[in-house]
Every structure is written in structure tokens, then in C-alpha cells.
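Here the structure comes first, spelled out in C-alpha cells, and everything after it is commentary.
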Amino acid sequence: MKKLLVLLSVGLVVVLAACAAPATPVPPTPTSPPGVTPAAPTPPEVTTITLWDYYGTATPFQPEMIAAFEEENPDIRVKYESLDWDAMFEKLSVALTTGTPPDVATVDMTWVPTWAALGGFADLGSFSGGEVNGVPFDEAFTAGSLEAMTYEGKIVTVIEDFDVYCLYYRADLFEEKGLEVPTTWDQLVEVGQQLAEDTDSDGVPDKYLYGYWPDPFRWAQFLYENGGEILNPDNTEAIFNRPEGVEATQFFIDMVNKYRIAFDIGEEEAIPPIKDGRIVMYADGPYMMGVMKDGAPEMEGMWGVALHPYSVQRGSYLGGTGLVIPARAANKEAAWRFIEFAMRVDNQIGVYKYSGAAPGLKAALESPEVSVPDPYFGGQVTLPLFLEATETAHHFPYVRQWNEMYDIIEEAVTSALLEEKTVQQALDDAVAEINALLAE
-5 MKKLLVLLSV GLVVVLAACA APATPVPPTP TSPPGVTPAA PTPPEVTTIT
45 LWDYYGTATP FQPEMIAAFE EENPDIRVKY ESLDWDAMFE KLSVALTTGT
95 PPDVATVDMT WVPTWAALGG FADLGSFSGG EVNGVPFDEA FTAGSLEAMT
145 YEGKIVTVIE DFDVYCLYYR ADLFEEKGLE VPTTWDQLVE VGQQLAEDTD
195 SDGVPDKYLY GYWPDPFRWA QFLYENGGEI LNPDNTEAIF NRPEGVEATQ
245 FFIDMVNKYR IAFDIGEEEA IPPIKDGRIV MYADGPYMMG VMKDGAPEME
295 GMWGVALHPY SVQRGSYLGG TGLVIPARAA NKEAAWRFIE FAMRVDNQIG
345 VYKYSGAAPG LKAALESPEV SVPDPYFGGQ VTLPLFLEAT ETAHHFPYVR
395 QWNEMYDIIE EAVTSALLEE KTVQQALDDA VAEINALLAE
């Protein structure tokens, strides 16, 4: 019986084996002929983009940041070139029209009006899809910043750092005299007169004053705060000689000549009169925090920052540094990848870390690494004030004649300050000259 079972088992195995599918043949492992090395994978084709930068040694584009970008993007290399501010203006002016432009450049936002109007910058919306690192532009930037980035409905620059004016004031003296920080122009005069001192008894206060330069930046601050504008909405006519502009300019001049609470700093740098007490208040941007810390470290804890006093509305000039891709750049797609990398939160924090400026990206400005109590300003968290000021700030008009307009306005304000002309006459003459330019 046992023998029979064995025979049946063997027979069953034979039958099953006969019914099974034939085995799949395994191809032989390829081998290289003797002495031949297999070819290495083809490396990606490398594109070199050129970056022109005017930040100098305080640049956020540090070697390690560029190296990190190249490691993440092995198909792109960055050729970095540092220029000073004046050299950048001259070199880029030529490159945008007739020369070979860089793929990415840092530009002063005051340059954007003329160059955007001349078609010098690429439309960044065509690369970005309206987003930077997945965040819509109108969420990544404040309303004022986004307006400054836009020309004729197109995004022509991304703000790397922004500049708006707030009020710097001697917090220690305000506390000593029991004064509140002014929020209106009337209060500015009242507080200014309580602070000003005439140390040499010549009838003209010379200490604890509001310091300013009679340039279009500071003048525009007061113009916007009084509801005025430089040009009409379609940028075809100068309108700053209307009542709002005349009143604002008159107040700007009266601070020096009538109320005796301010003085024209002129060609002097700000730090000397800050240190010797001539300046007790002034309007400037966030970059001045770093300038003060470097130039007057002994004044730590003596200063504060507040929103600037206004007449009928908040307002400020808005500028800063933008990143652009020239319209004639050779490698626009690769350039945009670099700009997006630069606009990541950690790299935007580098703007504050290395240059002391205010990052353009809202998320970076609101980060704990940036919005921290500042011992120099008595433990005040200062940068959110500048961010708030951008919401109502104005960029200069985007017209190709802006550079000439700037000079005309500066000359008009100076002539009124020196009482060579009345405010109305100075502004009327400037408007006539600018309207002739706009008509060309």
C-alpha cells in the first residue's frame, strides 16, 4: 500500500509539472566589453545668470546664500557683480537700452518710474503666475508695496527691501518734559515749540529741532499727508499746485521760517546733528536704525519711532530696493527662479540681518527673528510701524520724465524755503515746466 501511494505521488507531480506554464527566460546581464567603462549619466545643461547688486558688503546675497541656490538648482550658476549705487545707475542705464543687461539686478525704487515707462523691465507675471513661492502677490506684499511693484497692470519688480518714512524722536526728552508724541501737524508745532531751545540767544532756536532736507522725498511726505498728489490719475498733468499742495508746502516751509521748530540739514549728514542735540525729531526710513546704531551707539535707549504726524490722512513716499529682470535679459526663467529663492522667508530675513533694512516680504517682516524688541529704541518693536506705513504710502509717478521732474520739484521747494518765491509761485512755475515735459 505504501509503495502504491509513493507511485501515485510521483505520477501527480509529473502531471502537474507537465501542465505548468513554461518559465520566463531571464536575459543575461549586459556586460561591457573588456577595458570599456560604462558612460556616466549626462549632467544637466548649466545656465549662468548674471546678478548686478548695489548693496555692497551689507548685501543679503551672501556667498553662502548663492551657494545654497546653486546646490538646489544644479542647472543654474550665478555670476555675481557688486557695484556702488552711482555705478549701478550709470551701467544699468546703458545696459537696459543698448548694452548687454544682467539677468537680475537690484534697483532703487526711485529708478523704476523712468525705466519701467521706457519698457526696460520684463513682466514678472509671465513667469510667476501671480505668485511668489506659492503665495499670491497681494498676500505676500502690502497694498502700497504691490502698487509700487506694478506698472500699467504688470509686475515689473519685486521689493527686496522697502523704505517708508516714520517719525524718529528723542523718547528720553519727551518723557522728561511730559510730552506726548504728536499725531497731527498742529500737535507737531505745539510739541516742537516746547522742545526747541535758543542756546546762543540770537532769537533763532538751534537745538532740539525737527531736522529735514528740502528734497522731494520729505516734501512728498507732507503733500500726501494733506491729500495732495504729484500728478493726476492718468499721469498726464502735474497738480501739486492745487490747494492741497500749496497748503502742504507752506506748512513744510513754515516749520523753518515761521514756527521755528525745524531746520534745513542741507549738505550735512544726519548723524552729527543727531549726536549734538540739534535734531530731536526727523522723518526717515527703517534703514536709519542701522545708521544710528553704527554712528551714535552711545544714544542707545534714547530714541523712539512712531507713525509720522499728518494733516488729513496718513501718507508717505514709498521706495526701497527692487529686484528686476531686464526686458532684454537672456535667461529670464532662470532669473525668476533666483528671485523666488531670494524671496523665501529665511533669505528675506537676511535683508534685515546683513543690511539692517526692512524686508519687503510681509511674512519675513512679521517673523520673530525680525520683529523683536530693539534695545537701541528702548525695547520698542519698531519694524511693524514701518510695515503699517506702507499701507498708505505712495510711489513716485511712473513716467519716463521722472528724473527731470524730481530736479524741478527740488528747485521749487528750495526757492520757497529761501523765500526767493512765494510757495504758490514756486509751485506754479514747477507745474508749468513739468507739464511741458509731459506733453513732449
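Going by our numbering, the letters in the sequence shown line up with residues -5 to 434, in that order. Note that CB positions come from ideal geometry on N, CA and C, so glycine has one too. No experiment lies behind these values; they were computed from the predicted model shown.
Handout entry: Beta-bridge partners of V101, as assigned by DSSP
Key = By 1-based counting over the sequence shown, the position of residue 101 is 107. As a beta-bridge residue in DSSP terms, V101 pairs with G316.
Exercise for the section: Report all residues from its chain with a CB closer than 8 Å to the CB of L1; omit the five preceding and five following residues, and keep chain order. Expected result: Translated into the one-based positions of the sequence shown, residue 1 becomes position 7. Because the pLDDT at L1 is just 34, under 50, the model does not fix this residue reliably, and the value given afterwards should be weighed accordingly. Within the same chain, L1 has no close Cβ partners at all.
Handout entry: Three-state secondary structure assigned by DSSP to E154
Key = Along the sequence shown, read from residue 1 onward, the residue named residue 154 stands at position 160. It is a strand residue.
Exercise for the section: Look up V407 in the DSSP assignment and say whether it is helix, strand or coil. Expected result: Along the sequence shown, one-based indexing puts residue 407 at 413. The DSSP-derived three-state label of V407 is helix.
Handout entry: Straight-line Cα distance separating S195 from S349
Key = Translated into the one-based positions of the sequence shown, residue 349 becomes position 355. Translated into the one-based positions of the sequence shown, residue 195 becomes position 201. Going by the C-alpha atoms only, they are around 42 Å apart.
Practice task
Please indicate yes or no: does the CB of K287 lie closer than 6 Å to some heavy atom of the ligand GTP?
Solution key: Among the components modelled here there is no ligand, and therefore nothing to report on the ligand GTP.
Practice task
Could you tell me whether the stretch 325 to 339 touches the stretch 53 to 73, where touching means 3 or more Cβ pairs closer than 8 Å?
Solution key: With a cut-off of 8 Å, the stretch 53 to 73 and the stretch 325 to 339 count as touching, because enough Cβ pairs lie within range.
Practice task
Please report how far the alpha carbon of A214 lies from the alpha carbon of A323, in whole angstroms.
Solution key: Here the question's residue 214 lines up with position 220 in the sequence shown. Here the question's residue 323 lines up with position 329 in the sequence shown. Answer to the nearest angstrom: the Cα atoms are 34 Å apart.
Practice task
State the start and end residues of the unbroken alpha helix (DSSP H) segment that holds Y281.
Solution key: Mapped onto the sequence shown, residue 281 falls at position 287. Unbroken alpha helix (DSSP H) run through Y281: 281 to 289.
Exercise for the section: Would you mind working out which of P227, R212, E294, I273 sits nearest F246, comparing C-alpha positions? Expected result: The sequence position of residue 246 within the sequence shown is 252, counting from 1. F246 has its Cα closest to that of R212, out of P227, R212, E294, I273.
Handout entry: CA nearest to the CA of E436, picked from A165, V425, S409
Key = What the structure shows of the chain is the stretch from -5 to 434, and residue 436 is not part of that stretch, so it cannot be assessed.
Practice task
Might you give, ordered along the chain, the residues of its own chain that have their beta carbon closer than 6 Å to the beta carbon of A52, omitting 5 neighbours on each side?
Solution key: Residue numbering aside, residue 52 sits at position 58 when the sequence shown is read from its first letter. Contacts found: Y348, S349.
Practice task
Assign E414 to buried or exposed, taking buried as 16 or more other Cβ atoms, counted over all protein chains shown, within 10 Å of its Cβ.
Solution key: Taking the first residue of the sequence shown as 1, we reach residue 414 at position 420. It is exposed - the Cβ of E414 has fewer than 16 other Cβ atoms within 10 Å.
Problem - 7 Å Cβ cutoff met for V158 and N220 - result: Numbered from its first residue, the sequence shown carries residue 158 at position 164. Numbered from its first residue, the sequence shown carries residue 220 at position 226. Between V158 and N220, the C-beta gap is not smaller than 7 Å, which leaves the two residues out of contact.
Practice task
Check whether the Cβ atoms of P353 and S365 lie closer than 7 Å to each other.
Solution key: Counting from 1 along the sequence shown, the entry for residue 353 is found at position 359. Counting from 1 along the sequence shown, the entry for residue 365 is found at position 371. It is not a contact, given that the beta carbons lie outside the stated cut-off.
Problem - Classification of E39 by the beta-carbon crowding that lies within 10 angstroms, buried from 16 upward - result: Taking the first residue of the sequence shown as position 1, residue 39 is located at position 45. By the 10 Å Cβ count, E39 comes out exposed.
Practice task
Give every residue of the same chain whose Cβ lies closer than 6 Å to the Cβ of K(-4), excluding the five residues on either side of it in the sequence, and list them in chain order.
Solution key: By 1-based counting over the sequence shown, the position of residue -4 is 2. Low confidence applies here, because K(-4) scores a pLDDT of 35, under 50, leaving its location unreliable and the question unanswered by this model.
Practice task
Quick one: measure Cβ to Cβ for A300 and L161, integer angstroms, because I've assumed they're closer than 8 Å.
Solution key: The residue labelled residue 300 in the question sits at position 306 within the sequence shown. The residue labelled residue 161 in the question sits at position 167 within the sequence shown. Contact between A300 and L161 holds, since their C-beta atoms are separated by about 5 Å, short of 8 Å.
Problem - Same chain only: Cβ atoms within 7 Å of A406, ignoring 5 sequence neighbours per side - result: In the sequence shown, residue 406 corresponds to position 412, counting from 1. Around A406: A420, L421, D423, A424.
Handout entry: E263 versus V126, Y276, R254, residue with shortest Cα-Cα distance
Key = Residue numbering aside, residue 263 sits at position 269 when the sequence shown is read from its first letter. Nearest option by C-alpha distance: Y276.
Practice task
Using beta-carbon positions only, say whether Y48 and T100 come within less than 7 Å of one another.
Solution key: Working through the sequence shown from its first residue, we reach residue 48 at position 54. Working through the sequence shown from its first residue, we reach residue 100 at position 106. Contact check for Y48 against T100 passes: the beta carbons are separated by less than 7 Å.
Practice task
Please report how far the alpha carbon of Y400 lies from the alpha carbon of F83, in whole angstroms.
Solution key: Within the sequence shown, residue 400 is the residue found at index 406, counting from 1. Within the sequence shown, residue 83 is the residue found at index 89, counting from 1. In this structure, the straight-line span from the alpha carbon of Y400 to that of F83 is close to 16 Å.
Handout entry: Chain-order list of residues whose beta-carbon lies under 8 Å from that of D258 (same chain, five-residue window excluded)
Key = Within the sequence shown, residue 258 is the residue found at index 264, counting from 1. These residues qualify, in order along the chain: Y206, W207, P208, V250, L411.
Problem - Other residues of its chain near W79: CB distance less than 6 Å, five sequence neighbours each side excluded - result: Your numbering for residue 79 matches position 85 in the sequence shown. Closer than 6 Å at the Cβ level, and outside the excluded window around W79, lie Y48.
Practice task
In angstroms with no decimal places, state the Cα-to-Cα distance between G289 and I265.
Solution key: The count along the sequence shown starts at 1 and reaches residue 289 at position 295. The count along the sequence shown starts at 1 and reaches residue 265 at position 271. Here the C-alpha atom of G289 lies approximately 6 Å from the C-alpha atom of I265.
Problem - Span of the alpha helix (DSSP H) around V185 - result: Stepping through the sequence shown from its first residue, residue 185 is reached at position 191. First-last of the alpha helix (DSSP H) with V185: 179 to 189.
Practice task
Assign V88 to one of two classes, buried (16 or more other C-beta atoms within 10 Å of its C-beta) or exposed (fewer than that).
Solution key: As a position in the sequence shown, residue 88 is number 94, starting the count at 1. By the neighbour-count rule (16 or more Cβ atoms within 10 Å), V88 is not buried but exposed.
Handout entry: Cβ contact (3+ pairs, closer than 8 Å) linking the stretch 140 to 157 and the stretch 102 to 112
Key = The answer is yes - the stretch 102 to 112 touches the stretch 140 to 157, with three or more Cβ pairs under 8 Å.
Exercise for the section: Look at R308 and T230 and say whether their C-beta atoms are less than 7 Å apart. Expected result: For the purposes of this step, residue 308 is taken as residue 314 along the sequence shown, with counting starting at 1. For the purposes of this step, residue 230 is taken as residue 236 along the sequence shown, with counting starting at 1. Between R308 and T230, the C-beta spacing is not below 7 Å.
Exercise for the section: Leaving out five residues on either side along the sequence, give the residues of the same chain with a beta carbon under 7 Å from the beta carbon of G119. Expected result: What you label residue 119 is simply residue 125 of the sequence shown in a count that begins at 1. Cβ within range, chain order: K148, I149.
Handout entry: 8 Å Cβ shell around L77 - same chain, five flanking residues per side excluded
Key = As a working mapping, residue 77 is identified with position 83 in the sequence shown. For L77, where only same-chain residues beyond five positions count, the Cβ hits under 8 Å are W46, D47, Y48, K85.
Practice task
From the DSSP output, read off the bridge partner residues of E125.
Solution key: In the sequence shown, the residue the question calls residue 125 occupies position 131. P130, per the DSSP bridge assignment.
Problem - Straight-line Cα distance separating A321 from T92 - result: As a working note, residue 92 is residue 98 in the sequence shown. As a working note, residue 321 is residue 327 in the sequence shown. When rounded, the distance between both Cα atoms is 12 Å.
Handout entry: Own chain partners of V8 with C-beta closer than 7 Å, once the 5 adjacent residues on each side are dropped
Key = As a working note, residue 8 is residue 14 in the sequence shown. Note that V8 scores a pLDDT of 34, beneath 50, so its modelled location is shaky; the value from the coordinates is reported in the next line. Closer than 7 Å at Cβ, skipping near neighbours: no residue.
Problem - Limits of the unbroken alpha helix (DSSP H) element including K85 - result: Here residue 85 refers to the residue found at position 91 when the sequence shown is read from its first residue. Annotation for K85: the continuous alpha helix (DSSP H) segment containing it runs 79 to 89.
Problem - DSSP beta-bridge partners of T42 - result: For the purposes of this step, residue 42 is taken as residue 48 along the sequence shown, with counting starting at 1. When beta bridges are read from the DSSP output, T42 appears opposite R71.
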